[in-house]
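Chemist:
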Amino acid sequence: MNKIWLEELSLEKYPVIFRGRRRGRKLRPSMASLLENDLQDLKIDSSDKTYIKNPFDLFPQTTASIWMEIGFGGGEHISWQAENNPTVGFIGCEPFLNGIASLLRDVQNKQLANIRILADDARPFLTRLPDNSIDRLFILFPDPWRKKRHENRRIIQKNILDQFYRLLKTGGEFRVATDDPVYLRWILLHLKDHPGFEWLARRPNDWRLRPADWPQTRYEKKALTQGRTPIFLRYQKM
Ligand SMILES: C[S@@+](CC[C@H](N)C(=O)[O-])C[C@H]1O[C@@H](n2cnc3c(N)ncnc32)[C@H](O)[C@@H]1O
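For the sequence shown, numbering that gives the first Met the number 0 assigns the number 237 to the last residue and increments by one with no breaks.
(1) Thinking C-beta only, is ALA100 closer than 8 Å to LEU34?
(2) So MET67 packs on ILE133, CB below 8 Å; how close in whole Å?
(3) Please report the Cβ distance between TRP213 and ARG152, rounded to the nearest whole angstrom; I am assuming they are in contact, meaning their Cβ atoms lie under 8 Å.
(4) By Cβ distance, which residues of its chain are closer than 7 Å to PRO94, with the 5 residues on each side in sequence left out?
(5) I need the straight-line Cα distance from GLN60 to PRO54, nearest angstrom please.
(6) Along the chain, where does the alpha helix (DSSP H) that runs through ALA222 open and close?
(7) Please name the residue or residues paired with TYR50 in a DSSP beta bridge.
(8) Roughly how many whole angstroms lie between the Cα atoms of ILE159 and THR169?
(9) Could you tell me which residues DSSP pairs with LEU111 in its beta bridges?
(10) Along the chain, where does the beta strand (DSSP E) that runs through GLU150 open and close?
(11) Can you grab the Cα-Cα spacing for the pair ILE43 / PRO85, in whole Å?
(12) What is the C-beta distance between ILE77 and LEU102, in whole angstroms, given that I count them as a contact (C-beta under 8 Å)?
(13) Straight-line CA distance for SER32 to ARG104?
(14) What does DSSP give as the partner residues of GLN235 in its beta bridges?
(15) Please name the residue or residues paired with GLU68 in a DSSP beta bridge.
(16) Quick check: the stretch 177-186 against the stretch 221-237, are at least 3 beta-carbon pairs closer than 8 Å?
(17) Compute the beta-carbon to beta-carbon distance between LEU125 and GLN162, rounded to the nearest angstrom, for a pair I have assumed lies under 8 Å.
(18) Only counting the same chain, and skipping five residues up and downstream in sequence, which positions put a Cβ closer than 7 Å to that of LEU128?
(19) Thinking just about the alpha-carbon of each residue, which of ALA211, GLN225 and GLU172 is nearest to the one in TRP79?
(20) Just how far apart, CA to CA, sit LYS220 and HIS149?
(21) State the DSSP-derived secondary structure class of LEU96, mapped to helix, strand or coil.
(22) Let me check one thing: in DSSP terms, what residues is ILE230 bridge-paired to?
(23) Counting only the same chain and skipping the five closest in sequence on each side, list residues whose C-beta sits under 6 Å from that of TYR182.
(24) Give the straight-line distance between the Cα atoms of MET30 and ASN36, rounded to the nearest whole angstrom.
(25) What is the DSSP secondary structure of ILE116, counted as helix, strand or coil?
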């Protein structure tokens, strides 16, 4: 690890106050029971600050690569990916308990063995993972924090992109979607300014159309019904 990464790993440099919701409407007893019981087996302890030397240890022995989704919401995307990519180990990060309960229901219904859950803010956790350990990273419809004074709450920031760059393997992919024109511009500019990522789009349909291996999320569906246009961005770590 070179000097830049060591500096960026300093936790003090992170805007680590999570400003989103951790709870929504009261959970049905069956969903509360999933959080109470099933989460324990799949949980990555966010209070444990130790470095995870080998993230493959979190998963079954057959795991060939690791993908990560930050802010999985109701878990539609990560559970689809886990079902369709059984040799991939998935780390899902989401602090919203109602969303975690929905994912746990999917895990139970589909009998998925390849998902682990960090039920918390992903940002401090990034520093616990080794360089070049992740093959794919997804952030689908991150909270746009539209007001100018809230820009520093956005998950796309220079220091977070440095972490993504460090974690991704060379050739690994970062996928991000948004339906917010202001945040879209922010994402495009931050990634353009980052020397380590190449935008994979060659023609407009590459960002207008969701690829076949990218299922629709609850948030995207809502955006479409409310007349907003989702944009799908794919970047490669060079
Ligand atoms: C607008 S929702 C989108 C949810 C989902 N990706 C979808 O497309 O339906 C953004 C999600 O990101 C989660 N989130 C926000 N900041 C986060 C962070 N720092 N770490 C992990 N998740 C985060 C929120 O709790 C919320 O569920």
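Don't be surprised by glycine CBs; every beta carbon is placed ideally from N, CA and C. Keep in mind it's a predicted model, so treat the numbers as computed, not measured.
Modeler: Looking at the coordinates:
(1) yes
(2) 5 Å
(3) About 26 Å; that fails the 8 Å criterion.
(4) PHE17, GLY19, ARG21, ALA118, ASP119 and ASP120
(5) 11 Å
(6) 217-224
(7) Beta-bridge pairing links TYR50 to no other residue.
(8) 17 Å
(9) Answer is none; LEU111 lacks a bridge partner.
(10) Segment: none, GLU150 is in no beta strand (DSSP E) and carries neither H nor E.
(11) 20 Å
(12) 7 Å
(13) 10 Å
(14) GLU172 and GLU197
(15) GLY91 and PHE137
(16) yes
(17) 4 Å
(18) ILE51, PRO54 and LEU166
(19) ALA211
(20) 25 Å
(21) helix
(22) THR177
(23) PRO143
(24) 10 Å
(25) strand
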